[in-house]
Structure formats: structure tokens, C-alpha cells
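A quick write-up on the structure given underneath.
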Amino acid sequence: MIIKSVSLEKSLREAIAKFIKLSIVDEKAIKELTKEIQKALISADVNVKLAVELAKKINERALKEEIKKGLTLREHVLNIVYEELTNLLGQSYVPEIKRKKILLIGLYGSGKTTSAAKIANYFTKRGLSVLLVGADVERAAAREQLKQLSALANAKFFSIENASSKEIVLKALEISKEDIIIVDSAGRSAFDDVLAKELKEIYEILKPDEVFLVLSADIGQVAGKQAEQFSKILPINGIILTKMDGSSKGGGALSAVSKANCKISFIGTGEKIDDLELYDAKNYVSRLLGMPDIKGLIEKFEKIKDEVKISEEDRIDLETFRMQLKAAKKLGPFGKVMSMFGASVPAEVIASGEEKIKKFEAILDSMTKEERRNPDLLKKNPSRIKRIALGSGCKEEDVKNLLNEFEKMKKMLEMFIKNRSFRARFEKMFGMRFT
Ligand code: GDP
Ligand code: MG
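Residues in the sequence shown are numbered consecutively from 10, following the working numbering.
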């Protein structure tokens, strides 16, 4: 039998999706939602007492607090869920800009070496000098990797060939004149006693001010187990959660945070040296739940809802499409709007989506209203297509591409308008009618 471990983000999203789909929001529905959130948190190793208190608080606030203007009861409840989860996850992290010694620990491939260089870069950019110490003696390539990254980070690099990690750290302390020392320690493919011993020794010698555990977002709930193992040997000050640019929502970090009794400090968002963010609870929760700050979005949506309305009498042509695009843009970044629809869109797709929208807009703007009303005019008319391509600064290919994509979208939109149950789902989600 295969036991599938359900990720925290999945169970939270399911609880919310279930709540959104309910036709009536009442006390019972709210209770059910908070019960499921509590269950999800407890299975992600969040302290039981904390999870129970959180559920209770959401329940109380949802029932007692006055509903803000413009919000439906459903949105009111979801917004409280969002706010309370944000509170639970702590505030943002801001590193102190001062002299200190930092130790990075974690398994192979978690992103230790890359993160060491990113943090060095963070401090050198703020005027401090940094020494990066390569104490991963297991792999020769690791030192070379750190050496190259040090140059990019404007940091000094130190290591010794054929020496133990202990010797390297001792010597580094002796020679260092830098404000900040960052030690990149050895990893393993799995936690073991040899690694534990080595890390303890480094810790005793270095006496770091801060120890960061590096975890990759894509390992899911295993993060909790790793945090537990590492925190048994060393006190951990913060977690560096890497690879958050991938498709993972990083829900595993919540288990890690509970097990290691610390907060997330840095977020890695790519392979490059600048791809480092300071942890921010609001962003993290948005990502986890796949929904941004509802209150903010709803306020914007209220303002433009007449503009995005389509009714059954409306013709679907490039003119309505253009109006929809312009209205959707007012809702903010494309990715946020997409995540509101419950889709999880990888960063690169969001980037290409925004590019595409810009291109589409330019092309649509270069058409005459008559052409937008009647796209057939363009289909077999190369000279019109050529003119539009020139006017919008795009290739003729792009214009044809838009026409093809529009045909596909038109089918979806027609389905949206004609198919009542499909539409009802969206209406429930937004708490407003589209027709
Ligand atoms: P270490 O074994 O723990 O030292 O891990 P490395 O720093 O060598 O990183 C392992 C791989 O993950 C490398 O290919 C890195 O470029 C990549 N990596 C590290 N951090 C990130 C991140 O935040 N995003 C992405 N996409 N890749 C990362
Ligand atoms: Mg490494």
C-alpha cells in the first residue's frame, strides 16, 4: 500500500476550496472550515495548542467582527483566515547589519553553497566585508563552486585543500579581518552521525552568532524531519527556504519551523546571486493558499466589475476581448489574478503571460474597431496583418498567433457564459454575478 503524504498547502487549499463551493455560508460552514484548517496544521506538525487556538480565533472573529464594506461573508471569513495565518507565521525578517559569524547547515542539494554566496552578497551590498569559508571537505568541487561565487558576491574566499573542516574553520578565524564570516559546511545525502559530529565540532570552534538551516522547498513535509534532526544537534536561528521559484509552495517549511522552533529568514528564488528575498509572512501565506490578500483584490475588483462583465447578449469578438484585457490589467499582476482563480502558475509562465498580454494589447490597439468587431476581415488579408504587425512593433507571426489563440479563448468564454454550473463556480468564488 502506498501512503501518500498530503502536503500542507494541498490540505489548506482543499479546505478553502470546499468552503468557497458551499452555497450557503453559515456558522456551521465556518466551523467546518476552521476545523479543517486546524487538522491541516496539526498534520503539518504545528503545535497542537497553537493550531487549536488559531482555529478558535478565526471562528470567533468570523462571527463577531463586523463585515467590511464591499466584502461578502465568504470573503470576510477567508480574509480572517489569511490574516490569522499570517500572524501565526510571524512577521518579516530583517537581518542586523553588524559584525557576526554565520554557519550554514543542510543536506546536499538543499542550496547551502549558493545561499552562502547570496547572503554574502546581501551584506557586501550594504557595505560590510565578508569572508566565505569553504568547509565542505567532502567534495572538492564544492570549494571551487564557492570560490567562483565569492567573486560574484565581492566577498573574500578561504579554504584549505586536504584539511579537515575543523582546521579550515580554525585557520579562517585566525586570518579573518572581515566584518562577517559565513561558513559553508559539509552536507550528506541523508543525515548521519558523522555529519552530526562534524557540525558540532565546527559549531564549538566557530561559536556562530547565527545558524541557518538550508531547506529546499521541493522536499515537502520531509522538511519537518530534517529540521528535527538538525535542531537536535545545534540550536537553529532561522531557516533558509530555497527553490521557491519552482512549483512548490513551501508548505513543508511550516513543519520545519515548528520542529526547529525558529522562523524562516531568507527565501531563495533562483540560481543567481541576487535571487534572495527576506522572509515576509504575507507573501508566504499568499503563496501557500494560492490567494493574495483578498481584501485588497476585492476592493479593486469592486471598482472595475462593470468593466469585466460579459452577458449572454454580448458578442465575443476582439473588441470585447480587448476591453477584458484592459480591465484585468487593473487587477494587478497577471500572476496574482491567476492565483485568484486557484491556478498555480510557475514564475516563468507568469513572466511569459505578462509579456504576452503586453504584446496582445499592442496588436489589438493597432487594429481598427471594425477589424476587432469582425476578425474575419483579417483572416485572409495579408496586407492588413502586415499593417497591424508594423503598427504594434510585432511580427506578422504574432498577429496570426493572437488570432489563433483568440479562437481558442472564444470557445472557453462561450462555455463560461453558456454553462451555468461552470459560471456559478466563478461567481461563488468572487461572490458576485457576472451576468
Ligand atoms: P548544496 O549542496 O546544499 O551546497 O547546494 P547548492 O548550493 O550547490 O545548490 C544545489 C543546486 O540548486 C544548484 O544547482 C543551485 O544552482 C540550485 N539552487 C540553489 N538555490 C536555488 C534557488 O533558490 N532556486 C533555484 N531554482 N535553484 C537553486
Ligand atoms: Mg555545497
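Backbone N, C-alpha and C fix where the C-beta goes; we use that ideal spot for every residue, glycine too.
Only a predicted model underlies this, so the values are computations on that prediction, with no experimental measurement involved.
How many angstroms separate the CA atom of VAL266 from the CA atom of ALA236? 8 Å
Identity of the residues DSSP links to GLY247 by a beta bridge: PHE221, LYS272
Between the stretch 323 to 332 and the stretch 286 to 293, do three or more beta carbon pairs fall short of 8 Å? no
Simplified DSSP assignment, three categories, for ALA164: coil
Straight-line gap, GLU280 to LYS127 (C-alpha atoms, nearest Å): 10 Å
Given 8 Å as the limit, is there contact between the stretch 142 to 153 and the stretch 193 to 204, that is, 3 or more CB pairs closer than that? yes
Tell me, to the nearest whole angstrom, how far the beta carbon of LYS367 is from that of ASP407; I am working on the premise that it is less than 8 Å. Not confirmed; about 11 Å, so no contact.
Going by the C-beta, is LEU116 closer than 8 Å to any heavy atom of the ligand GDP? yes
Quick check on DSSP: helix, strand or coil for ASP227? helix
Any heavy atom of the ligand MG closer than 8 Å to the CB of GLN154? yes
Expected contact under 8 Å - CB spacing of GLU528 and ILE76 to nearest Å: Here the chain covers residues 10 to 444 and nothing more, so residue 528 does not appear.
Rounded to the nearest angstrom, how far is the Cβ of PHE200 from that of GLN238, given a contact under 8 Å? 5 Å
Opening and closing residue of the beta strand (DSSP E) in which LYS110 lies: 109 to 114
On the criterion of 16 or more Cβ atoms from any shown chain inside 10 Å, does ASP374 qualify as buried, or is it exposed? exposed
Quick check on SER392: does DSSP put it in helix, strand or coil? helix
Which residue's Cα is closest to the Cα of LEU263: ASP385, ILE228, LYS395? ILE228
Beta-carbon proximity of LYS209 to ILE245, cut-off 9 Å: no
Close Cβ partners of GLU18 (< 6 Å) along its chain, the five nearest in sequence each way excluded: LYS258, GLY260, LEU297
What residue range does the beta strand (DSSP E) around VAL139 cover? 139 to 144
Whose C-beta lies closer than 6 Å to the C-beta of ILE12 among residues of the same chain, with five residues either side of it excluded? In this prediction, ILE12 has a pLDDT of 39, which is less than 50 and means its spatial position is unreliable; what the coordinates show is noted afterwards. Taken in chain order, the list of residues that qualify is empty.
Look at the Cβ atom of SER138, then the Cβ atom of PHE167, and state whether they are nearer than 9 Å. no
Using a Cβ-Cβ cut-off of 7 Å (strictly less than) and excluding sequence neighbours within five positions of THR43, which residues of its own chain qualify? ALA64, ILE67, ASN68
CA-to-CA distance, LEU285 to LEU411, given in whole angstroms: 36 Å
Provide the residue span of the alpha helix (DSSP H) that contains GLU207, from first to last. 202 to 215
Over the uninterrupted beta strand (DSSP E) stretch that includes GLY287, give me the two end residues. Checking the displayed sequence, the identity of residue 287 turns out to be Leu instead of Gly. Residues 285 to 287.
First and last residue of the alpha helix (DSSP H) that includes VAL453? Residue 453 lies beyond the range of the chain shown here (10 to 444); nothing can be said about it.
Residue range of the beta strand (DSSP E) that includes SER16: It is not in any beta strand (DSSP E) - SER16 carries neither H nor E in the DSSP assignment.
To the nearest angstrom, how far is the alpha carbon of ASP35 from that of LEU21? 19 Å
Given 8 Å as the limit, tell me if GLY261 has its C-beta closer than that to any heavy atom belonging to the ligand GDP. no
Segment limits, beta strand (DSSP E) that includes SER194: 189 to 194
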